[in-house]
Each structure stands twice: as structure tokens, then as C-alpha cells.
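Using the numbering used here, the first residue of the sequence shown is number 117, and each one after it goes up by one.
Ideal placement from N, C-alpha and C gives every residue a C-beta, glycine not left out.
From a predicted model like this one, the values you see are computed outputs, not experimental measurements.
What follows is one structure encoded as C-alpha cells, with my remarks underneath.
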Amino acid sequence: MKPKAMTRSSRPPLERMLHIHKTILSGACPTASRLAAELEVSAKSIHRDLEFMRDRLRLPLKFDRARFGYLYTEEVGSFPSLQITEGELVALVVAEKALQQYRGTAFEKPLLSAIGKMREALPDTISVDLGEIERAISFRTRAEPILALEILDQLARAAANRESLEISYRKPGQPEPEPRAIDPYHLANINGEWFLFAFDHLRKGIRTFVPGRIKSCRKSGRRFKRIEKFSLEDRLRGSFGVRSGEGDHEVRIRFDPSVADYIREKRWHGSQELREFNDGSLELRLKLSGLAEVERWVLNWGGKARALQPPELVESIARAACALVAQHHRRE
Numbered sequence: 117m118k119p120k121a122m123t124r125s126s127r128p129p130l131e132r133m134l135h136i137h138k139t140i141l142s143g144a145c146p147t148a149s150r151l152a153a154e155l156e157v158s159a160k161s162i163h164r165d166l167e168f169m170r171d172r173l174r175l176p177l178k179f180d181r182a183r184f185g186y187l188y189t190e191e192v193g194s195f196p197s198l199q200i201t202e203g204e205l206v207a208l209v210v211a212e213k214a215l216q217q218y219r220g221t222a223f224e225k226p227l228l229s230a231i232g233k234m235r236e237a238l239p240d241t242i243s244v245d246l247g248e249i250e251r252a253i254s255f256r257t258r259a260e261p262i263l264a265l266e267i268l269d270q271l272a273r274a275a276a277n278r279e280s281l282e283i284s285y286r287k288p289g290q291p292e293p294e295p296r297a298i299d300p301y302h303l304a305n306i307n308g309e310w311f312l313f314a315f316d317h318l319r320k321g322i323r324t325f326v327p328g329r330i331k332s333c334r335k336s337g338r339r340f341k342r343i344e345k346f347s348l349e350d351r352l353r354g355s356f357g358v359r360s361g362e363g364d365h366e367v368r369i370r371f372d373p374s375v376a377d378y379i380r381e382k383r384w385h386g387s388q389e390l391r392e393f394n395d396g397s398l399e400l401r402l403k404l405s406g407l408a409e410v411e412r413w414v415l416n417w418g419g420k421a422r423a424l425q426p427p428e429l430v431e432s433i434a435r436a437a438c439a440l441v442a443q444h445h446r447r448e
């Protein structure tokens, strides 16, 4: 089967602008309506192209009322081309790969559109083998969150438009969901998982919601004004993940030499400090507002990490470890 030929109306914007450029250079002084007829697009599209050429490409383009058409007020040589480095091109491919986590959400279409526009602007011949890059880079998620995409879409739109919502939310361990009235401030993807930061009218404060636990969602018909002092960065500064607390804890954790390299390879928290020991072990020091998330993290290291401070963290991990041993020695 022969590939379908590209019609003029399906030409990318760059090709249209090149046509406009050549026409003006010929001295024809064309009108927008003439260009629209030649390229079989609307005059509105031509006006957008002309604005882009003037404002973004810095071409000395002007509408001459005496000649009733467009011309260059200065001498122009070649058409400005998009300059892109190999590193930038690789980054573009990586960005498109990263879009996998947004498939089916409200973010997919505008992100793909933006990447598509950048691809259209690239020159026909490039020295980098895109196929090799595509085969060499991928993204994988160990545990993909199970989400109702229509609810995620509603949350994103409501946060952007400052629309209050009425949701049905089931907390972990709760048999039934409960109604909540919320003002959605910010929807964030943190370490591959989605979280909604919203003002909870029942609790009279900002709370963190997991979209996967929202069973239903609808607009309340009200709009809200976001609290000016709200800052996601400030809110998460003292947390080890997404759960902030009211405390001020100096945390110290000692890691065995067998896992110390894994700790060195990442920045786990903005406050972290590392202390090296001669036997190859490592101590991680943190300043946190809450301990629940770091407790679970220490337990994940399976005995290769030992909490040293504060005492309440040491005690809670010891209790959890004892419960874990009891569970695995319990006879069915």
C-alpha cells in the first residue's frame, strides 16, 4: 500500500513559514489571504505563522499599508533554523519516554502536542540515530498505581480552575468511604505516585489525599481562593516522603557496609548528612518533622540498617521488628 501523500493543509507550521519567507524574499509582498489560499489553510493560521516569524524568529517582518502586503524592512538571508544539540535531542526522546506514566491522564494530550511541535521544527537530516536512542532508553515502574483516570482528570482540572469538590474517600483500614468537602490546591507526582494536597473542610486544614482512594468525585459549584502561604516545597521540607508532621526530630541511622553504597548514591533528603566509618559502614543524619515514613524505610533494609536516634524511632522499629518475627513464626 502506498503511503498517503501529504496535502498542503497537513503541512507542518515550519514548512508553511518557509513558503511565506520565500514568497516575501521574491518581492511579491503577499497578503495573508493570498498566502492562506496558496497553502490551503485559514487566514488565522497564516496570521499565527507571521506573528511567530516576527516575535519568536526575530525576522524584520512588517505589513506595508501602501503596498497592502507583508515585506521585510531589512535584508534577510537564510531562514532562521532551529539549533538543537545532540544532548537536547536525546533529552527530547527521554521526555517522550517519560510520558508513559501520564498515559490516559489529562496531561497526556498537551504534553504530546508540545513534543510533536518540537519534532516538527527539527531539520529533516540529523546526525543522531533516534532509533538507537529509543532502543537504549526506557522507563519502568516497579509498582504501578491503580488509578481511576477520570477521577485524576477531574482533580487536575479542579486544581487548575480552583473549583471545590465533594469526594467520597476511603482511608486505609476503613471499611467504607466517607464524604469530604475539599479545595484541591496541588496535584503532585512524587516518586512515581500521585498525591493531592487539598484544604479539607472537615478537618479545617490542608491534608494529603491519595487519588486511588477517592471512590467518587463531583464539583460542588463553588470556587475557592488558595491560601497564599501554601507552598508544597515548604510543606514537604521536613517530611521523608509526603507525610509532614509537627515535630522536630534529629534522626540517625547506621547502615552496614554491604548496603552503604546504596545510601551514598542518592540524596534521600535535603537535610541529610553522611558520616563514614573505617569499617565501611555509614551513618545517615536527617532532620524530619515526622517519623512514620522513615520507620517503614528503615524496616525495608531488612536488618542492614539500625536506628540510633531519636529514642521513639528506635522503640517503634523494635516493636515492628518483633511483630514481624512473631508473624513469620506463627503456625497457621
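In whole angstroms, what is the alpha-carbon distance linking residue i and residue j?
| i | j | result |
| --- | --- | --- |
| glutamate 381 | arginine 164 | 48 Å |
| aspartate 364 | proline 196 | 56 Å |
| arginine 181 | alanine 274 | 47 Å |
| tryptophan 310 | alanine 264 | 12 Å |
| lysine 331 | threonine 324 | 16 Å |
| glutamate 428 | arginine 278 | 40 Å |
| leucine 130 | alanine 276 | 31 Å |
| glutamate 156 | methionine 133 | 13 Å |
| alanine 304 | isoleucine 140 | 48 Å |
| threonine 123 | leucine 151 | Bear in mind that a pLDDT of 42 at threonine 123, under 50, signals an unreliable position, so the number given afterwards is only what the model happens to contain. Taking the straight line joining both Cα atoms gives about 15 Å. |
| histidine 302 | leucine 312 | 6 Å |
| valine 414 | alanine 442 | 19 Å |
| alanine 439 | glycine 321 | 34 Å |
| histidine 445 | arginine 401 | 33 Å |
| glutamate 191 | lysine 178 | 13 Å |
| isoleucine 267 | leucine 175 | 45 Å |
If you run the structure through DSSP and keep just helix, strand and coil, what is residue i?
| i | result |
| --- | --- |
| glycine 354 | coil |
| asparagine 277 | helix |
| alanine 423 | strand |
| phenylalanine 168 | helix |
| leucine 402 | strand |
| leucine 173 | coil |
| leucine 407 | coil |
| arginine 150 | helix |
| proline 295 | strand |
| serine 243 | With a pLDDT of 47 at serine 243, under the threshold of 50, the predicted position of this residue should be treated as unreliable, and no value is reported. |
| serine 365 | The question names serine, yet the displayed sequence has histidine at residue 365. Here histidine 365 sits in strand by DSSP. |
| isoleucine 267 | helix |
| glutamate 392 | strand |
| serine 432 | helix |
| arginine 339 | strand |
| isoleucine 262 | coil |
| arginine 446 | coil |
For residue i, is the classification buried or exposed, using 16 other Cβ atoms within 10 angstroms of its Cβ as the cut-off for buried?
| i | result |
| --- | --- |
| aspartate 171 | exposed |
| valine 360 | Correcting the residue identity first, residue 360 is serine in this sequence and not valine. Result: buried. |
| tyrosine 285 | buried |
| aspartate 299 | buried |
| isoleucine 262 | exposed |
| glutamate 411 | buried |
| isoleucine 242 | Confidence at isoleucine 242 is low in this model, with a pLDDT of 49, below 50, so the placement of that residue should be treated as unreliable; the coordinate-derived value is given next. Isoleucine 242 is exposed by the Cβ-count criterion. |
| serine 125 | Any reading at serine 125 must be qualified, since the residue scores a pLDDT of 44, below 50, and its modelled position is unreliable; the value itself is stated next. Exposed, by the Cβ-count rule. |
| glutamine 425 | exposed |
| isoleucine 283 | buried |
| alanine 437 | exposed |
Would you say residue i lies against chain B (beta-carbon separation less than 9 Å)?
| i | result |
| --- | --- |
| valine 414 | Absent here is chain B; the protein component of the structure consists of one chain. |
Spell out the partners DSSP gives residue i in its beta bridges.
| i | result |
| --- | --- |
| histidine 100 | Summary: the structure shown does not reach residue 100, with the chain confined to residues 117 through 448, and so no result is reported for it. |
| cysteine 333 | Ile283 |
| aspartate 180 | Gly185 |
| arginine 323 | Ala314 |
| arginine 370 | Glu399, Arg422 |
### Message
Below 8 Å, how does it come out for the region 368-380 and the region 338-347: are there three or more Cβ pairs, yes or no?
### Response
No, because fewer than three Cβ pairs between the region 368-380 and the region 338-347 fall closer than 8 Å, the two stretches do not touch.
### Message
Counting beta carbon pairs with one atom in the region 418-436 and one in the region 387-395, are three or more of them shorter than 8 Å?
### Response
Taking one beta carbon from each stretch, the region 387-395 and the region 418-436 have fewer than 3 pairs nearer than 8 Å; the two do not touch.
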